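S.K.: Have a look at this one.
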Amino acid sequence: MNDQIVLSSTLIALLFLFIWGKIRYDALAVGALFVLVVLEIIPANEAFAGFAHPAVITVALVLIISQGLSNSGIAGLVGKLIGGREFTEIQFLIALLFIAAILSSFINNIGALAILLPITLNICQKMNWHSSKFLMPLAFACILGGMNTAIGTPPNIIISEYKASISSSGFNFFDFSYVGLVITFISILFIVFIGNKLIFLRKEIPSNESLINLKGYLFEVLVNENSSSIGMTLYAFKTQAGEDTEILGIVSESGSVKKVQNNMRIKAGQILVIKTPPDDIGNILDVFDFSIPKELHSFDEDDLEEIEVMITPGSRLIGRKYDFFLKLAFEELNLLGLWRKGSKYRTRLTRETFRAGDVLLLGVRDLAEEDVSNKIKHLGLMPLRQRELQTIPSRSRLIKGILFFMLSIFLVSFNYLSAAPAFLLCVLGFARIKIIDSNFYRGIDWPIIVMLAAMIPIGTAIQTTGVSSLIASSISQFASDLSLFWLLLIILIVTMATTDIINNAATAVIMAPISTGIALELGYAIEPFLMVVAVGASCAFLTPIGHQCNTVVMGPGNYKFTDYWRMGLPMDILIILASIPMILFVWT
């Protein structure tokens, strides 16, 4: 009983810390694991068993495969499919969403989004369409596609491996397709004909502006000795600089940003924090004789070309500051400005902690240099200003890469090999044809791997301590008179609510043993109960923090936190109505 109390208390604390969101989820999971090992809830010799678990290995291999397919030129192939054709808005939306769903059925969701996001922004600019109409639907389609196969999303991998650990076999590769394809098809039709009308569209973007309307870029500028702005009031400066430019503060000697008043006068040597569109910063530097502070760049501004990049959820920069950026990118990349959705600027740019979804304006000597491209990829940054669609580097490697991948799926689908060895074979094939190299470890989202490896022993402890049986028996007493339909409905809603506030993989790890316990307690087959957890864990449509794809499109789509539920809530209801009957039809 004491073990159950300690484990339950730890899980509740972990859940609240996940919701709080101030600490990295992998650090939280490792911290919870450490506490449970110290308290002897989890044996010390089993603490790191998660790193050898097939689910963890499979997730890592799928991430490497996703990177390999991306390197092979699949983005160029997709670009040729949709970039060279003439579409109406609705035709493009249909094509985009189905391609996104197909890609994310076989590669990582965020990998599919990384391929399609620059292409979508390019076409929106070319056709003068509002990108907000397409980016949230694109993110949702990438999430939906993950439901269709055993490798489409980490929850499916976890659920399949969990079933294999408690029964004679796991789910087959396409077992998730029976329900997933129906949900995906119905949801895409909903998004195209109803859902996209529920998206709140903010100011339209003129076709001659940058690809995304990021007017909130924050820059630091040094007031030179001969600056024409010296002696100006801030009001006079804003009048001359234009309505889109604003001084937000002045950097103090301690490095903090002091608030300013309109009647304050500009002095030589001050470092001003200004907010302006990226296309205007060059003109402001010239007209007022400002310069970028030396600590932010390693060569003259005249030598710079500019590129906008987004910090993706797996980036090395998340949680780091400018010093770390400088160590990795000093010779090739210079940080000129930062854009962050819905956040105030309280400290110097050099002291800001980077977050997923931040957009950086970088200065580089030559955008075409391979070192620049490699450095951007190494840092986990996604270029947003790709005005030309990507090409296919080698058709031969692309075809061979797809064939290796299809071979591994064949081996898994017909039970010749389990997922981990089959995908390891694929990775070795990719290495042979050189679409992954010695840097392939960079393609792995290590926070996800570490969190999964830490959560799996915790999930096992939920069973071994009897917590899952206790919860299942308690629920069974109250739900014994409910039909299977209502039981699955309740589990689905609880799982959906949980996955919107914590990581979807963690949701699957926690909910799988509880759902199975309820099934066994009431004498039902475990398959429908596990399948409903897999579906629910992938339904993160209500908030931008529920899934990485939602986080990535928040900035480029100019969305607010509350915009997601407008389309996400009706879609959750639709998924509930579609999935429960299909699960009952297929799995009972």
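Just so we're aligned, residue 0 is where the sequence shown starts under numbering that gives the first Met the number 0, counting upward by one. Note that the Cβ used here is the ideal one computed from N, Cα and C, for glycine as well. Quick caveat: nothing in here was measured; it's all calculated off a predicted structure.
#1: Would you check if the distance between the CB atom of Val-58 and the CB atom of Leu-451 is smaller than 9 angstroms?
#2: Counting along the chain, where does the alpha helix (DSSP H) carrying Glu-520 start and finish?
#3: Please confirm whether Asp-595 and Thr-349 have their CB atoms less than 9 angstroms apart.
#4: Between Met-263 and Ile-249, is the Cβ-Cβ spacing less than 9 angstroms?
#5: Residues in its own chain within less than 8 angstroms of Leu-573 by CB, not counting five upstream and five downstream?
#6: Nearest to Leu-68 by alpha carbon, out of Leu-483, Val-466, Phe-429, Ala-518?
#7: Taking all protein chains shown into account, decide if Asn-414 is buried (16 or more other Cβ within 10 angstroms of its Cβ) or exposed.
#8: Between Glu-300 and Ile-98, what straight-line distance do the alpha-carbon atoms span, to the nearest angstrom?
#9: Identify the continuous alpha helix (DSSP H) that holds Val-37 and give its terminal residues.
#10: With a CB to CB cut of under 7 angstroms and the five nearest residues on each side skipped, what residues in its chain are close to Ile-470?
#11: Give every residue of the same chain whose Cβ lies closer than 6 angstroms to the Cβ of Arg-565, excluding the five residues on either side of it in the sequence, and list them in chain order.
#12: Taking the alpha helix (DSSP H) that Ile-575 belongs to, which residues open and close that run?
#13: Closer than 8 angstroms is the cut-off here; do at least three beta carbon pairs connect the stretch 130 to 142 with the stretch 29 to 45?
#14: Going by beta-carbon coordinates alone, are Thr-598 and Asn-147 separated by less than 9 angstroms?
#15: Does the distance from the CB of Ile-158 to the CB of Val-532 come in under 9 angstroms?
#16: Should Ile-291 and Asn-333 be called a contact, given that it needs their Cβ atoms to be closer than 9 angstroms?
#17: Which residues in the same chain have their Cβ closer than 7 angstroms to the Cβ of Arg-23, if we skip the five residues on either side of it in sequence?
#18: I need the DSSP call for Leu-335, collapsed to helix, strand or coil.
#19: Indicate whether Ser-130 and Pro-555 have their beta-carbon atoms separated by less than 9 angstroms.
#20: Nearest-angstrom Cα distance between Gly-151 and Ser-103?
#21: If distances are taken between C-alpha atoms only, which option among Asn-127, Leu-116, Ile-270 comes closest to Phe-86?
#22: Under the three-state reduction of DSSP, which class applies to Val-363: helix, strand or coil?
#23: Output yes or no for whether 9 angstroms exceeds the beta carbon distance between Lys-399 and Ile-432.
#24: Do Leu-284 and Glu-219 have their C-beta atoms closer together than 9 angstroms?
#25: In this structure, what does DSSP give as the bridge partners for Val-250?
#26: List, from N- to C-terminal side, the alpha helix (DSSP H) runs of 4 residues or more that fit wholly inside the stretch 58 to 96.
#27: Does the contact criterion of 3 or more C-beta pairs under 8 angstroms hold for the stretch 112 to 125 versus the stretch 418 to 427?
#28: Between Asp-571 and Cys-538, is the Cβ-Cβ spacing less than 9 angstroms?
#29: Return yes when the Cβ of Asp-25 is within less than 9 angstroms of the Cβ of Ala-453, no when it is not.
#30: Tell me where the alpha helix (DSSP H) around Lys-237 begins and ends.
#31: Report the option in Gly-75, Ala-149, Glu-520 whose CA atom is closest to the CA atom of Ser-412.
#32: Answer with buried or exposed for Asp-174, where buried requires no fewer than 16 other C-beta atoms within 10 angstroms of its C-beta.
#33: From the DSSP output, in three-state form, read off Leu-647 for me.
#34: Since I believe Ile-118 is in contact with Val-77 (beta carbons under 8 angstroms), could you give me their beta-carbon distance rounded to a whole number of angstroms?
#35: Alpha carbon to alpha carbon, how far is Ala-460 from Leu-359?
#36: Can you find the residues in the same chain that come closer than 6 angstroms, C-beta to C-beta, to Val-534, ignoring five residues on each side of it along the sequence?
M.R.: In short:
#1: yes
#2: 503 to 521
#3: The requested residue 595 is not part of the displayed model; the chain covers only 0 to 587.
#4: yes
#5: Ile-185, Ser-186, Phe-189
#6: Phe-429
#7: exposed
#8: Caution is warranted here: a pLDDT of 48 is assigned to Glu-300, below 50, making its placement in the model unreliable, and the coordinate value is therefore given only provisionally. Approximately 41 angstroms, taken between the alpha carbons.
#9: 24 to 37
#10: Ile-513, Gly-516
#11: Leu-197
#12: 563 to 586
#13: no
#14: Within the shown structure, residues of the chain are numbered from 0 to 587, placing residue 598 beyond reach of any answer.
#15: yes
#16: yes
#17: Gly-318, Pro-446
#18: strand
#19: yes
#20: 6 angstroms
#21: Asn-127
#22: strand
#23: yes
#24: no
#25: Val-256
#26: 74 to 82
#27: no
#28: yes
#29: yes
#30: 233 to 240
#31: Ala-149
#32: buried
#33: As displayed, the chain neither begins before 0 nor continues past 587, which places residue 647 out of reach and without an answer.
#34: 7 angstroms
#35: 43 angstroms
#36: Ser-578
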